[in-house]
Amino acid sequence: MKFYITIAVVLFINCGVYGKSVNDYKQEINSKSQELDSVQKTIQEKKLQKEIYQKNEESTKKELNEVESKVSSLKLKGAALKKEITKAQQNLKRIGQELRFAGWEKGKWKDTINKEADLFNRYYYGYFRVFSDLVSEKLYCEVLSKKKEYMVRAEKKESIYKISLGKWQAAQKKLLELETQLIKTTSQHKDLKKQKEKLLETAIGKRVAAENEIRELEASKQELKQLLSKLSKEKKKSEQEIAAKKAFKEKRKQLPWPLTGKVITNFGRNKHPDLDTYLISNGIKILSQNSAVVKAVSGGEVMFCGEFRAYGQMVILDHGGGFYTIYGHLGEISVKEGGKVKTNDPVGTLNSNGDKNAVLYFEVRSDGVAEDPMLWLK
Numbered sequence: 149m150k151f152y153i154t155i156a157v158v159l160f161i162n163c164g165v166y167g168k169s170v171n172d173y174k175q176e177i178n179s180k181s182q183e184l185d186s187v188q189k190t191i192q193e194k195k196l197q198k199e200i201y202q203k204n205e206e207s208t209k210k211e212l213n214e215v216e217s218k219v220s221s222l223k224l225k226g227a228a229l230k231k232e233i234t235k236a237q238q239n240l241k242r243i244g245q246e247l248r249f250a251g252w253e254k255g256k257w258k259d260t261i262n263k264e265a266d267l268f269n270r271y272y273y274g275y276f277r278v279f280s281d282l283v284s285e286k287l288y289c290e291v292l293s294k295k296k297e298y299m300v301r302a303e304k305k306e307s308i309y310k311i312s313l314g315k316w317q318a319a320q321k322k323l324l325e326l327e328t329q330l331i332k333t334t335s336q337h338k339d340l341k342k343q344k345e346k347l348l349e350t351a352i353g354k355r356v357a358a359e360n361e362i363r364e365l366e367a368s369k370q371e372l373k374q375l376l377s378k379l380s381k382e383k384k385k386s387e388q389e390i391a392a393k394k395a396f397k398e399k400r401k402q403l404p405w406p407l408t409g410k411v412i413t414n415f416g417r418n419k420h421p422d423l424d425t426y427l428i429s430n431g432i433k434i435l436s437q438n439s440a441v442v443k444a445v446s447g448g449e450v451m452f453c454g455e456f457r458a459y460g461q462m463v464i465l466d467h468g469g470g471f472y473t474i475y476g477h478l479g480e481i482s483v484k485e486g487g488k489v490k491t492n493d494p495v496g497t498l499n500s501n502g503d504k505n506a507v508l509y510f511e512v513r514s515d516g517v518a519e520d521p522m523l524w525l526k
């Protein structure tokens, strides 16, 4: 499998090596460089956007914390206010009871005094006057006076409780108004909190989106850099290949022979010596002595060496610029794949399998197309 793949790559794929010219590479590099500049500019813009989103996010977080703090404070105030309202209600209940008792007490003493005063008047100032005495009258007056003091005291208590009741009723009214306002303010701050939470989600979303865009753009930037590096290398290689192609073309009719011998099969159409038919040959066959040293006709890199079908032991040299030379029917190979050779360096020897003479198959290819070696050899 290695042989088929190697030959296919060397002889056919390289036909498209010069599909792109140096100018093509220059234009592509220029286009990709502009694209890279645009991506870098976009990255900077996105980074600035990200900074703005981060500032908005931080500002919104701060505002949200302030609102949350205010809501917590309002909750504490609400709890304290409820206690005050409860206290006011309790006081109103207690004072109401005290007021009712003071009123009842005042009424009781008033009724008692009225009855006893009526009785006193009838007894001491009526027809019983003749039977009364001054001492008992005086005592009776003192008792009535004392009871009147109790009534007056009860009236004062009633008056005080009425004033106190009015104050606590006013206090309760004010507390309830404060509670209503507090509930309204708390509700407004809760709504504001929801708004800030939504704004924070939006700010975070925008910042995350910007970060994702930056990551994608950074990845594109790295890919573009790698592509530019690859294109630059290919451009350089293309320039080198063009130079190598030009240099090799100048060797036309100047290449040394791979070995001394006689050409027994020409390039192209040849008649078979035993069969009444013609065969097409992509190279030439050179008859030479057994164990004759086969040399490289030009410097290059060993692309393949080994057994390959009817070619037997074979070596393929890459001379650059799309030019290759092939050496077949070798007895031994003296180079290794990937190795470099110079002009006239040995690549192997011929093997005649016991015969006195041996044959070398030699081929020249340009961009995968076989050419007549006789047009290249001295």
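When you line the sequence shown up against the numbering used here, it's residues 149 to 526, in that order. Glycine residues also receive a C-beta, built at the ideal position from the N, C-alpha and C atoms. Since the structure is predicted, the reported quantities are computational estimates derived from the model, not experimental observations.
Going by the DSSP bridge assignment, what does residue i pair with across the sheet?
{"i": "Tyr509", "result": "Lys433 and Gly476"}
{"i": "Met462", "result": "Gly454"}
{"i": "Gly468", "result": "Phe471"}
{"i": "Ile428", "result": "Arg417"}
{"i": "Glu519", "result": "Val512"}
{"i": "Lys488", "result": "Glu449"}
{"i": "Ile481", "result": "Gly496"}
{"i": "Leu525", "result": "Leu403"}
What are the boundary residues of the beta strand (DSSP E) that residue i is part of?
{"i": "Asp515", "result": "Element bounds for Asp515: n/a, residue is neither H nor E."}
{"i": "Glu398", "result": "Premise fails: Glu398 is in no beta strand (DSSP E) and is neither H nor E."}
{"i": "Asn499", "result": "Looking at the DSSP string, Asn499 is not in any beta strand (DSSP E), and its letter there is neither H nor E."}
{"i": "Gly448", "result": "Gly448 to Glu455"}
{"i": "Val411", "result": "Lys410 to Thr413"}
{"i": "Asn418", "result": "Gly416 to Lys419"}
{"i": "Lys443", "result": "Val441 to Lys443"}
State the Cα-Cα distance for the pair residue i and residue j, rounded to the nearest angstrom.
{"i": "Lys397", "j": "Asn178", "result": "31 Å"}
{"i": "Lys209", "j": "Gly244", "result": "51 Å"}
{"i": "Arg242", "j": "Ser307", "result": "15 Å"}
{"i": "Lys198", "j": "Ala227", "result": "43 Å"}
{"i": "Lys393", "j": "Ser169", "result": "13 Å"}
{"i": "Leu340", "j": "Lys235", "result": "32 Å"}
{"i": "Ile474", "j": "Ala506", "result": "17 Å"}
{"i": "Val187", "j": "Lys195", "result": "12 Å"}
{"i": "Ala440", "j": "Phe510", "result": "14 Å"}
{"i": "Lys310", "j": "Leu247", "result": "7 Å"}
{"i": "Val445", "j": "Trp405", "result": "6 Å"}
On the CB-based measure, 16 or more other CB atoms within 10 Å of its CB, does residue i come out buried or exposed?
{"i": "Leu478", "result": "buried"}
{"i": "Arg355", "result": "buried"}
{"i": "Ser293", "result": "exposed"}
{"i": "Gln461", "result": "buried"}
{"i": "Cys289", "result": "exposed"}
{"i": "Glu455", "result": "exposed"}
{"i": "Leu465", "result": "buried"}
{"i": "Trp252", "result": "exposed"}
{"i": "Val450", "result": "buried"}
{"i": "Met299", "result": "buried"}
{"i": "Leu224", "result": "exposed"}
{"i": "Lys383", "result": "buried"}
{"i": "Arg513", "result": "buried"}
Counting Cβ pairs closer than 8 Å, one from the segment 410–417 and one from the segment 426–441, do we hit at least three?
In short, these stretches touch, since the Cβ pair count reaches three.
Would you say the segment 400–415 touches the segment 380–387, given that touching needs at least three Cβ pairs under 8 Å?
no
With contact counted as at least three CB pairs below 8 Å, one residue from each stretch, are the segment 373–382 and the segment 213–220 in contact?
no
Evaluate the contact criterion for the segment 342–349 versus the segment 259–269: three or more CB pairs, one atom per stretch, below 8 Å.
no
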